[in-house]
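*Asks:*
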Amino acid sequence: MRDTIDISNMRDAVMAAINDLAAENKDVVMLDADLASCLGSTSFQEKYPERFFNCGIAEANMVGVGAGLSSMGLTPFAHTFGCFASRRTFDQFFLSVGYANQVIHLVGSDPGITAQLNGGTHMPFEDIALMRQVPGVVIIDPSDAQSMYELIRQVYENNKPSYIRSARKGVTHRYPVGTKIELGKGIELSKGKDVAIIATGQTMVDAASGALALLKEKNIDATLVDLHTVRPLDTALIEEVAKRCKRILVCENGRYSGGVGEMIAAHMAKVNPVKMDFVNVGERFGEVGKLDYLSKTFGFTAENIAKKAEALIK
Amino acid sequence: MDVKNLKQKALEIREMTIKEIGHFGAGHIGGSMSIVELLTYLYYHELRIDPKNPKKEDRDRFVCSKGHAGPAVYAALTSKGYFPEEWLLTLNQGGTKLPSHCDMTKTPGIDFTCGSLGQGFSAAIGIALGQRIQKQDNNTFVVIGDGESQEGQIWEGAETAAQWKLGNLIAFTDLNKQQLDGYTEDVVSMDNIDTRWLGFNWHVQRINGHNFRELSLAIEKAKAVTDRPSMIIMDTVKSYGFIPGEGIAANHSIAFDESVAEKAIAELREREGVN
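One line per chain: the protein sequences are S and F, in this order.
Numbered by this note's numbering, the letters in the first sequence go through residues 343 to 656 in order.
Numbered by this note's numbering, the letters in the second sequence go through residues 5 to 279 in order.
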């Protein structure tokens, strides 16, 4: 366990967790697909060269190799961009990992608009929708360095296949070391009574935090949940905030269909229908641009989130 | 090596496979029959395994990446005592432990789940790599189909296994020249398959896949090569030994009943000179 306050990029939080796990556990193996320099898994390669394998630009094979390693009792972390980790390796992750009951922790870098200058070809908006089709898979989308670090450690202990959604660049330090961060349990950053904002990932939790301040100016008392674990869904917490607030706004750096908003809407329809709205990219493809341009284009801003939250109350 | 005994075992495995599929009424007979000599050699002469302890850690591993050949693999496994022979009659029945494609979560002795072609090959590479990481002196054997070799994943695997110099990986291509839609050369040709693998920096041999002496020599030679993976290309006949399926185009999966199975077994025994 370590304090991540000195970490200046989300990717460094990912690699700090994996490197620490590798130091403690001989079964930890790292695979990359010619993006080792992007994530910094080169740090693993330097420390544990006999347990690091660059698979080249061949992601499907990388996941299959990982599944084989898992069947040998090893625990591979595998990395590529989220678009390739999900869309390009789906059949391998589904069958060789999920169906074959093997364990890989797949790190998908640059979720949604954080792919920025790589543009629409590299923007995974549907990774959560795809990966959640694999029975038993755990999906995390942590919003800061400390929760990324701690959740990766818990994902390893949990020993089930996982998909780790990770922004690489920039960092948020939200949780001081020692904060209780538990896989599968969302964190209530604000306990309001008028509307519940449920956000996933760094981009959306940052934007929703900004929205909280704007809503406060209008005397709107909002709840904000950092839903760092998408699967399994923290239904207990969602039901609790729905009961208190009667309205839910789900913010995700992704597509509506199959995404977190749809998961929550489906659950609430079953147990306690409440008024809901969503911030996501809808049916659009991604496009190139800097983060501030993309945030505005797709409405991932504090202003838009506050506006939608306010509209839910009226 | 007792070739006479191996031939006898191969005949038994063929008969069990024909009965197994005939009892269900249909199945992947073609690609099952073409790898029977390979299965027989591996299970009766080569693999360091313990049927009483199928998950023994330091065992040789065998992955049937052409997972639809499951019925033949099951016949080989039961003949080695991994599970009772009666299980063969449950092939593909609801709740069976013997599904049409190999499944490591269901069948004792299956080292990896295969069905989506190309995937078992990558898994075998991971297994061979795992043996190296864990400093085991075991080998990983994997068989792929010639039709399966149309999958891009095979060639992704080929380049990484060569890059990592996986001398403990010994692969076989079941070159039976046929696939579901007909002859491979008419669908997507696997011409120059030897040079394709040579080009990927593998140690390549080509043999008659129905000849035990050739299999034995090739495997011994492959084991002696430690600085790169080995590909043994086996010329085979699809449906070999299920005579009604030999030489016909549509022999990937054939529907036949127990009376046809019985007749086919009698025909095979006659051809093999066994009563």
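Cβ atoms here follow ideal geometry from the backbone N, Cα and C, with glycine treated the same way.
None of these values were measured; they are calculated from a predicted model.
Do LEU92/F and SER104/F have their C-beta atoms within less than 9 angstroms of each other?
*Replies:* Not closer than 9 angstroms, so no.
*Asks:* Just the Cα atoms here: how many angstroms apart are ILE236/F and ARG429/S?
*Replies:* Each residue's alpha carbon lies about 33 angstroms from the other.
*Asks:* Since I believe MET238/F is in contact with THR199/F (beta carbons under 8 angstroms), could you give me their beta-carbon distance rounded to a whole number of angstroms?
*Replies:* Going by Cβ atoms, the distance from THR199/F to MET238/F rounds to 17 angstroms, so no, they are not a contact pair.
*Asks:* In chain F, which residues lie with their C-beta within 9 angstroms of the C-beta of ASN443/S?
*Replies:* Ordered by position in chain F, the residues that pass the 9 angstroms Cβ test against ASN443/S are MET108, THR109, THR117.
*Asks:* What does PHE426/S touch in chain F if you count any residue whose Cβ is under 8 angstroms from its own?
*Replies:* Those within 8 angstroms of PHE426/S in chain F number zero; the least Cβ separation is about 13 angstroms.
*Asks:* Between which residues of its own chain and ASN659/S is the CB-CB distance below 7 angstroms, once the five residues before and five after are set aside?
*Replies:* Nothing can be reported for residue 659/S, as the shown portion of chain S is limited to 343 through 656.
*Asks:* For the stretch 123-139 of chain F, which residues have a beta carbon sitting closer than 9 angstroms to at least one beta carbon of chain S?
*Replies:* The stretch 123-139 of chain F vs chain S, Cβ under 9 angstroms: GLN123, GLY124, PHE125, SER126, ALA127, ALA128, ILE129, GLY130, ILE131, ALA132, LEU133, GLY134, GLN135, ARG136, ILE137, GLN138.
*Asks:* Please check the pair HIS214/F and THR240/F, which I expect to be a contact at CB under 8 angstroms, by giving their CB distance rounded to whole angstroms.
*Replies:* Right, the Cβ-Cβ distance comes to about 6 angstroms (below 8 angstroms), so this counts as a contact.
*Asks:* Provide the residue span of the alpha helix (DSSP H) that contains GLN496/S, from first to last.
*Replies:* Here the alpha helix (DSSP H) through GLN496/S covers 487-500.
*Asks:* Could you say if the stretch 14-24 of chain F and the stretch 155-170 of chain F meet the contact criterion of at least three C-beta pairs nearer than 8 angstroms?
*Replies:* Touching, no.
*Asks:* Let me make sure I understand the geometry here. Which of SER69/F, VAL77/F, GLU262/F, LYS60/F has the alpha-carbon closest to that of LEU102/F?
*Replies:* The residue with the shortest Cα to Cα distance from LEU102/F is VAL77/F.
*Asks:* Work out the CA separation of GLU16/F and PRO75/F for me, nearest whole Å.
*Replies:* Using only the alpha carbons, I get a separation of about 13 angstroms.
*Asks:* State yes or no: is the C-beta of VAL192/F within less than 9 angstroms of the C-beta of SER69/F?
*Replies:* Going by C-beta atoms, VAL192/F is not nearer than 9 angstroms to SER69/F.
*Asks:* Do three or more CB pairs link the stretch 345-352 of chain S to the stretch 494-511 of chain S at distances below 8 angstroms?
*Replies:* Yes, the stretch 345-352 of chain S is in contact with the stretch 494-511 of chain S.
*Asks:* Does VAL613/S pass the burial test, meaning 16 or more other C-beta atoms within 10 Å, or should it be called exposed?
*Replies:* The residue is exposed, with fewer than 16 neighbouring Cβ atoms inside 10 Å.
*Asks:* Looking at the structure shown, is TYR48/F part of a helix, part of a strand, or coil, going by DSSP?
*Replies:* Residue state, collapsed to three classes: helix.
*Asks:* Would you say VAL371/S lies against chain F (beta-carbon separation less than 9 angstroms)?
*Replies:* With 9 angstroms as the cut-off, VAL371/S counts as an interface residue toward chain F.
*Asks:* Strictly under 9 angstroms for the Cβ-Cβ distance: is GLY156/F near chain S by that measure?
*Replies:* Yes, GLY156/F counts as interfacial toward chain S.
*Asks:* Are the stretch 522-533 of chain S and the stretch 488-502 of chain S in contact at 8 angstroms, needing three or more beta carbon pairs?
*Replies:* In short, these stretches touch, since the Cβ pair count reaches three.
*Asks:* Nearest to LYS632/S by CA position, among ILE455/S, LEU654/S, ASP362/S, is which residue?
*Replies:* Ranking the options by Cα distance to LYS632/S, first place goes to ILE455/S.
*Asks:* Taking 9 angstroms as the CB-CB limit, is GLY478/S close to chain F?
*Replies:* It does not; no Cβ of chain F falls within 9 angstroms.
*Asks:* Taking the DSSP output, what are the residues bridged to ALA259/F?
*Replies:* DSSP, once it has assigned bridges, lists ALA30/F as partnering ALA259/F.
*Asks:* Any idea if ARG4/F is buried or exposed, counting beta-carbon neighbours within 10 angstroms, 16 or more meaning buried?
*Replies:* The structure shown has nothing for residue 4/F, since chain F only spans 5 to 279.
*Asks:* Of all the residues that make up the stretch 160-179 of chain F, which are near chain S by a beta-carbon distance shorter than 8 angstroms?
*Replies:* Here the close residues are GLU160, GLY161, GLU163, THR164, GLN167, TRP168.
*Asks:* Need the endpoints of the beta strand (DSSP E) that CYS593/S sits in, please.
*Replies:* That run of the beta strand (DSSP E) goes 589-593.
*Asks:* At a CB distance below 9 angstroms, what residues from the stretch 218-246 of chain F approach chain S? Give them in sequence order.
*Replies:* Going along the stretch 218-246 of chain F in chain order, one finds no residue with a Cβ nearer than 9 angstroms to chain S.
*Asks:* Go through its chain and collect everything with a Cβ distance to ASP575/S's Cβ below 6 angstroms, but skip five positions before and after it.
*Replies:* Checking the sequence, you will find Leu at residue 575/S rather than Asp. Correct list, in chain order: MET605.
*Asks:* What does SER120/F reach in chain S if we use C-beta pairs closer than 7 angstroms?
*Replies:* Under the 7 angstroms cutoff, chain S gives ASP433, LEU437.
*Asks:* Whose CA, out of LEU416/S, PHE435/S, THR422/S, lies closest to the CA of TRP134/F?
*Replies:* Inspection of the sequence shows that residue 134/F is occupied by Gly rather than by Trp. Measuring from the Cα of GLY134/F, the nearest candidate turns out to be LEU416/S.
*Asks:* Specify, as a first and last residue, the run of the alpha helix (DSSP H) that HIS207/F falls within.
*Replies:* Here HIS207/F belongs to no alpha helix (DSSP H); instead the beta strand (DSSP E) covers 207-212.
*Asks:* Using the three-state DSSP reduction, which class does ARG626/S fall into: helix, strand or coil?
*Replies:* Three-state result, ARG626/S: coil.
*Asks:* Would you report the Cα separation of GLY314/S and VAL602/S, rounded to the nearest angstrom?
*Replies:* Lying before the first or after the last residue shown, residue 314/S is absent from chain S, which here runs from 343 to 656.
*Asks:* Less than 7 angstroms between C-beta atoms, sequence neighbours within five positions excluded: which residues of the same chain meet that for ASP563/S?
*Replies:* Here the set comprises GLY534, LYS535, ASP536.
*Asks:* Given that a residue counts as buried once 16 or more other Cβ atoms are within 10 Å of its Cβ, and exposed if not, what is ALA555/S?
*Replies:* Counting Cβ neighbours within 10 Å, ALA555/S comes out exposed, since fewer than 16 surround it.
*Asks:* What residues in the stretch 455-475 of chain S have a beta carbon less than 8 angstroms from any beta carbon of chain F?
*Replies:* Result list empty, no residue passes.
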